[in-house]
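Novice: I am attaching a structure below and will ask some questions about it afterwards.
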Amino acid sequence: MIPIILIKGAMIGAVYASLAVGFSLVFGVAKIINLAHTAFFMLAAYAMYVLVMVYRWPVSAAVGLLLIGMSILAVLVYLLFLDRIREHEGAVILVTVALGIAIQEILLLIFKSSFLAVAPFVHGIVELFGVTVPKQELLIFVVTMACLAAVLLFLNRTRLGLALRVTAQDRETANLMGINVKWVCLVSVVMAVVLAAVAGIVVSPTLTVEPYMWAHPLVMMFAAVILGGLGSLKGSFIGAFILGYTEVLVVFLIPAGSFIKGSVAMLIMVLILLVRPEGLYGVIFEEERL
Amino acid sequence: MRFIRRQFRRIGQEILAIPGRAIAFVFLISMFLVPLATSDPYIMKVLIFMNIFAIYAASWDVLGGFTGQFCMGHGAFFGVAAYTSGILNLKLGLPVWACIPGGAVMSILAGMLIAVPSLRLRGVYFALVSLAFPIILTGILFAFPDATGGEMGLTGIEVVTRNKVSLYYITLAVMIFCVLTMWKLTDARSKIFRLGIVLLAIHEDEVSARCVGVNTIRYKLLAFSISAFFAGVAGGLYVHVLRIAGPSNLDLMWSFNPIIWTAFGGMGTVAGSVVGVFILYPAMELLRFVPHLRMLIYAGVIIAVIMLMPEGIVHWVRDKLEKDCPRCKLVNSAWRRDCRACGVPLRVKMKTDPSPDRKATTLSEEVA
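Protein sequences, first through last, are from chains F and H.
All residue numbers for the first sequence refer to our numbering, where the first residue is 1 and numbers rise by one.
All residue numbers for the second sequence refer to our numbering, where the first residue is 291 and numbers rise by one.
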């Protein structure tokens with residue numbers, strides 16, 4: 001019982017972590033609340049279905065094309081919609097919600113509301129602590145963790161990463177120091193969308209692909225980001241794993257109540273916020289303190 | 291007699307002279323006359339829902355537009371009231387006119403609960419946290435299927451009245467009463483209530499509001515309870531018109547809809563949310579002719595409107611039609627030449643050749 005909970009929770013937590021870290025990155029750098037974030041995750045899963053199951057492409061070629069396509073899409077979305085209204089929080093929230101709905105409706109039009117499935121990329125199982133784990137689930141964990149490690153390295157070891165961190169700290173000063181803030185925000189949006197796409201690609205074989213699959217991860221991602229503290233990547237990472245384990249615990253301990261897994265996760269988030277309003281790793285800025 | 295004459299004069303001076311108010315006045319009168327033109331049950335039903343959702347959207351505006359608490363879980367208030375009202379009616383057999391206030395009071399209690407974290411969180415943080423409350427409530431609903439009907443919801447709730455036309459007049463009267471109350475309560479220029487200006491101050495800068503001695507916690511709680519109360523009235527009415535309360539009243543779109551309506555009409559004006567509902571809701575009904583494209587078109591319209599008119603329709607129209615007097619700050623229609631109270635010319639022609647230093651001194655004097 002305990003090993004299987006540990007392993008399943010790690011897998012789900014890893015997916016939420018790659019979504020939450022991307023969201024947190026965009027919020028931290030560009031101050032954009034992207035509610036369409038998991039719609040890109042869903043789009044990647046659908047694209048994977050089309051390329052691999054319908055056109056019978058090899059997985060590696062499909063992944064390559066998809067990552068390039070999603071990056072271009074991210075650039076377009078940023079330049080067409082987000083860049084002009086970046087300063088108005090309410091407008092950003094509404095436009096990104098509308099974008100998510102638009103993506104959902106387009107997918108509904110094309111694929112109807114049928115449940116689709118993608119074949120696993122790797123077959124076979126491994127024995128871990130007496131639990132049989134499909135290799136696909138192991139792949140999810142390894143790939144998402146590798147991507148997050150790459151993001152961390154990028155942020156800490158490159159000049160562009162430094163620019164991102166500087167912009168996150170203080171936009172005006174960064175602008176004065178000669179950093180092209182618009183370009184930096186664009187980079188952060190593209191990175192987040194690629195992270196979401198990677199999560200969507202590796203998860204697609206284990207989920208049923210359907211047009212409403214973005215809602216649950218969206219809510220869980222929010223909860224993870226807020227739990228960890230808005231704008232803190234470390235916090236989002238840890239929050240995602242807390243919520244992943246919560247979800248798995250609810251599913252395993254109360255099998256009849258698995259439909260309330262979202263509610264329990266939200267309740268935990270609110271309870272933690274009552275004790276620590278700034279989240280686990282959040283910082284309260286001087287002008288924000290009450 | 292004198293009283294009536296004075297009222298007529300007030301209508302002439304304070305309503306018809308200001309284009310925005312004149313439009314609202316004509317709109318109100320025509321709302322009362324609609325059943326004379328048609329009593330088609332479908333149209334009546336659409337109009338009834340428009341009235342109910344106007345209350346709902348305006349209640350969001352009090353919280354989101356005026357106080358700046360961008361609540362993304364407003365469906366929680368609506369849902370609590372809808373379910374409370376339904377349960378009171380079905381399980382306790384209370385009459386409709388006891389159920390709706392009961393639901394609204396319960397909604398105030400829910401508002402107080404939701405306000406607790408909001409007192410410590412701000413801005414975007416609160417927006418994202420408030421998203422959680424409808425989801426938690428859905429979990430509670432599913433956990434007690436005996437009382438709430440679980441996934442099926444409550445059915446067979448008593449209807450307010452079977453006659454569609456009288457139902458329309460009832461909802462219209464309630465809508466006008468609620469919207470006017472909210473409008474008066476949040477009016478920042480009001481000489482009776484302080485509430486409007488304080489809420490705007492909290493919206494602009496909460497720390498400064500505290501610094502000048504406003505008990506922001508008390509005012510935020512007040513805003514939450516006003517908003518929750520009116521959302522609850524809308525929820526109770528809705529449930530007693532549709533006769534069904536279901537978990538769909540708590541889903542994500544139900545909470546986003548009032549935000550979309552209000553943003554479309556114009557935030558921070560109660561009138562804006564009414565305008566938003568009265569344009570977008572019938573538009574959505576028309577789109578039922580193309581059911582596949584309905585939501586897609588809706589999403590497209592939202593994006594287009596926010597990109598083109600980020601302030602909303604009401605602000606846009608008001609900028610075109612109205613002009614404040616530079617001296618006495620009275621609102622005038624934009625086509626007047628001079629102010630209707632103090633006679634100051636509204637449009638000043640710039641002289642072609644003012645000497646530069648003199649202009650500078652007068653400017654600085656004005657600033658001083």
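Positions of the beta carbon are idealized from the N, C-alpha and C atoms, including for glycine.
Taking DSSP as the reference, what is the three-state secondary structure of Ile301(H)?
Specialist: Indexing the second sequence from 1 puts residue 301(H) at position 11. The answer is helix: DSSP assigns Ile301(H) an H, G or I state.
Novice: For Cys615(H), count neighbouring Cβ atoms within 10 angstroms of its own Cβ and tell me buried if that reaches 16, exposed if not.
Specialist: Locating residue 615(H) in the second sequence gives position 325, where the first residue counts as 1. That one is buried.
Novice: Using a Cβ-Cβ cut-off of less than 9 Å, give me the residues of the stretch 213-244 of chain F that come near chain H, in sequence order.
Specialist: Against chain H - using a Cβ distance shorter than 9 Å - the residues of the stretch 213-244 of chain F are Ala215, Leu218, Val219, Phe222, Ala223, Val225, Ile226, Leu230.
Novice: So, is the C-beta of Val469(H) closer than 9 Å to a C-beta in chain F?
Specialist: Mapped onto the second sequence, residue 469(H) falls at position 179. Chain F, which has no Cβ nearer than 9 Å to the Cβ of Val469(H), makes this no.
Novice: Check whether the stretch 79-97 of chain F and the stretch 22-40 of chain F touch, using three or more Cβ-Cβ pairs below 8 Å as the test.
Specialist: Touching, per the Cβ criterion.
Novice: Determine, for Glu105(F), whether the minimum Cβ-Cβ distance to residues of chain H falls below 9 Å.
Specialist: Within the first sequence, numbered from 1, the residue matching residue 105(F) stands at position 105. Chain H contact via Cβ: present.
Novice: With Lys613(H) as the anchor, note down where its alpha helix (DSSP H) starts and where it stops.
Specialist: Translated into positions along the second sequence, residue 613(H) becomes position 323. No alpha helix (DSSP H) contains Lys613(H), which is instead part of the beta strand (DSSP E) from 612-614.
Novice: Measure the alpha-carbon distance for Phe322(H) versus Ser623(H) and round it to whole angstroms.
Specialist: The residue labelled residue 322(H) in the question sits at position 32 within the second sequence. The residue labelled residue 623(H) in the question sits at position 333 within the second sequence. Each residue's alpha carbon lies about 26 Å from the other.
Novice: Less than 9 Å separating the beta-carbons of Tyr588(H) and Leu598(H)?
Specialist: Residue mapping note: residue 588(H) aligns to position 298 of the second sequence, counting from 1. Residue mapping note: residue 598(H) aligns to position 308 of the second sequence, counting from 1. Not closer than 9 Å, so no.
Novice: Apart from the five residues just before and just after Lys649(H), which ones in its own chain have a Cβ nearer than 8 Å to its Cβ?
Specialist: For the purposes of this step, residue 649(H) is identified with residue 359 of the second sequence, where counting begins at 1. Caution applies to Lys649(H), whose pLDDT of 47 falls short of 50 and renders its modelled position unreliable; the value that the coordinates give is listed next. If we look at Lys649(H) and ignore the five residues flanking it on each side, it has no Cβ neighbours.
Novice: Can you find at least 3 beta carbon pairs, one from the stretch 548-557 of chain H and one from the stretch 419-430 of chain H, that sit closer than 8 Å?
Specialist: The stretch 548-557 of chain H, when compared against the stretch 419-430 of chain H, does not touch it at the 8 Å Cβ threshold.
Novice: Taking the continuous alpha helix (DSSP H) assigned at Glu127(F), which residues delimit it?
Specialist: For the purposes of this step, residue 127(F) is taken as the residue at position 127 of the first sequence. Careful: Glu127(F) lies outside any alpha helix (DSSP H), inside the beta strand (DSSP E) at 125-128.
Novice: Is there a Cβ of chain F sitting closer than 9 Å to that of Gly672(H), yes or no?
Specialist: As shown, chain H starts at 291 and ends at 658. That puts residue 672(H) outside it, with no answer to give.
Novice: Could you tell me the alpha carbon to alpha carbon distance between Phe129(F) and Met543(H), rounded to whole angstroms?
Specialist: To locate residue 129(F), count along the first sequence from 1; it is residue 129. To locate residue 543(H), count along the second sequence from 1; it is residue 253. Each residue's alpha carbon lies about 43 Å from the other.
Novice: Which whole-angstrom value describes the C-beta separation of Leu99(F) and Phe81(F), a residue pair presumed to lie in contact below a C-beta threshold of 8 Å?
Specialist: Position 99 of the first sequence holds residue 99(F). Position 81 of the first sequence holds residue 81(F). 7 Å between Cβ atoms; contact.
Novice: Can you grab the Cα-Cα spacing for the pair Arg410(H) / Pro277(F), in whole Å?
Specialist: Residue 410(H) sits at position 120 when you count from the first residue of the second sequence. Residue 277(F) sits at position 277 when you count from the first residue of the first sequence. Cα to Cα, Arg410(H) sits roughly 6 Å from Pro277(F).
Novice: Mind listing, in chain order, the continuous alpha helix (DSSP H) runs of no fewer than 4 residues lying wholly within the stretch 316-362 of chain H?
Specialist: Whole alpha helix (DSSP H) segments, 4+ residues: 331-350.
Novice: Is it buried or exposed for Arg295(H), if we count other Cβ within 10 angstroms and need 16 for buried?
Specialist: As a working note, residue 295(H) is residue 5 in the second sequence. Exposed: under 16 other Cβ atoms inside 10 Å.
Novice: Is it true that the CB of Val225(F) sits closer than 9 Å to the CB of Leu44(F)?
Specialist: The sequence position of residue 44(F) within the first sequence is 44, counting from 1. The sequence position of residue 225(F) within the first sequence is 225, counting from 1. First, the residue type needs correcting, since residue 44(F) is Ala and not Leu in the sequence shown. Their beta carbons are not under 9 Å apart, which means Ala44(F) does not touch Val225(F) by this criterion.
Novice: Below 7 Å CB to CB, which residues in the same chain sit around Ala518(H) once its five sequence neighbours on both sides are set aside?
Specialist: Indexing the second sequence from 1 puts residue 518(H) at position 228. Contacts found: Phe367, Ser397, Ile398, Ala400, Gly401.
Novice: Buried or exposed for Ile390(H), please, with buried defined as at least 16 other CB atoms from any protein chain shown within 10 angstroms of its CB.
Specialist: As a position in the second sequence, residue 390(H) is number 100, starting the count at 1. Buried.
Novice: In the DSSP assignment, what are the bridge partners of Ser623(H)?
Specialist: By 1-based counting over the second sequence, the position of residue 623(H) is 333. Per DSSP, Glu612(H).
Novice: Mapping the DSSP letters down to three states, classify Ala168(F) as helix, strand or coil.
Specialist: Position 168 of the first sequence, counted from the start, is the residue given in the question as residue 168(F). In this structure, Ala168(F) counts as helix in the three-state DSSP scheme.
Novice: In whole angstroms, give me the CA-to-CA distance for Ile2(F) and Lys8(F).
Specialist: The sequence position of residue 2(F) within the first sequence is 2, counting from 1. The sequence position of residue 8(F) within the first sequence is 8, counting from 1. Near 10 Å, if we compare the C-alpha coordinates of Lys8(F) and Ile2(F).
Novice: Pro211(F) touches chain B at which residues, Cβ-Cβ below 9 Å?
Specialist: Included in the structure are the protein chains F and H, with no chain B among them.
Novice: Report the residue ranges of all alpha helix (DSSP H) runs contained in full by the stretch 380-461 of chain H; include only those spanning at least 4 residues, in chain order.
Specialist: Segments of the alpha helix (DSSP H) lying fully in the stretch 380-461 of chain H: 386-408, 413-420, 422-433, 435-438.
Novice: Three-state secondary structure (DSSP) at Leu116(F)?
Specialist: For the purposes of this step, residue 116(F) is taken as residue 116 along the first sequence, with counting starting at 1. Here Leu116(F) sits in strand by DSSP.
Novice: Verify whether the separation of the beta carbon atoms of His364(H) and Ser349(H) is less than 9 Å.
Specialist: Residue numbering aside, residue 364(H) sits at position 74 when the second sequence is read from its first letter. Residue numbering aside, residue 349(H) sits at position 59 when the second sequence is read from its first letter. Result yes, Cβ atoms of His364(H) and Ser349(H) sit closer than 9 Å.
Novice: Start and end of the alpha helix (DSSP H) containing Pro635(H)?
Specialist: In the second sequence, the residue the question calls residue 635(H) occupies position 345. Neither: Pro635(H) is in no alpha helix (DSSP H) and is coded neither H nor E.
Novice: Classify Glu127(F) as buried or exposed, calling it buried when 16 or more other Cβ atoms lie within 10 Å of its own Cβ.
Specialist: Stepping through the first sequence from its first residue, residue 127(F) is reached at position 127. So Glu127(F) ends up on the exposed side.
Novice: Taking 9 Å as the threshold (C-beta atoms), are Met220(F) and Glu247(F) in contact?
Specialist: As a working note, residue 247(F) is residue 247 in the first sequence. As a working note, residue 220(F) is residue 220 in the first sequence. Yes.
Novice: Among the candidates Leu51(F), Phe121(F), Leu160(F), whose CA atom is the shortest distance from the CA of Val305(F)?
Specialist: With chain F covering only 1 through 290, there is no way to say anything about residue 305(F).
Novice: Can you find a CB in chain F that lies within less than 9 Å of the CB of Ala422(H)?
Specialist: Position 132 of the second sequence holds residue 422(H). Yes, Ala422(H) lies at the interface with chain F (some Cβ there is under 9 Å from its Cβ).
Novice: If we define contact as Cβ-Cβ less than 9 Å, is Ile430(H) a contact residue for chain F?
Specialist: Taking the first residue of the second sequence as position 1, residue 430(H) is located at position 140. It does: the Cβ of Ile430(H) has a partner Cβ on chain F nearer than 9 Å.
Novice: Using a beta-carbon distance below 9 Å, is Glu137(F) in contact with chain H?
Specialist: Here residue 137(F) refers to the residue found at position 137 of the first sequence. False, the Cβ-Cβ gap to chain H never drops below 9 Å.
Novice: Apart from the five residues on each side of it in sequence, which residues of its chain come closer than 7 Å, Cβ to Cβ, to Ala394(H)?
Specialist: Taking the first residue of the second sequence as 1, we reach residue 394(H) at position 104. If we look at Ala394(H) and ignore the five residues flanking it on each side, its Cβ neighbours are Ala371, Phe519, Gly522, Val523, Gly526.
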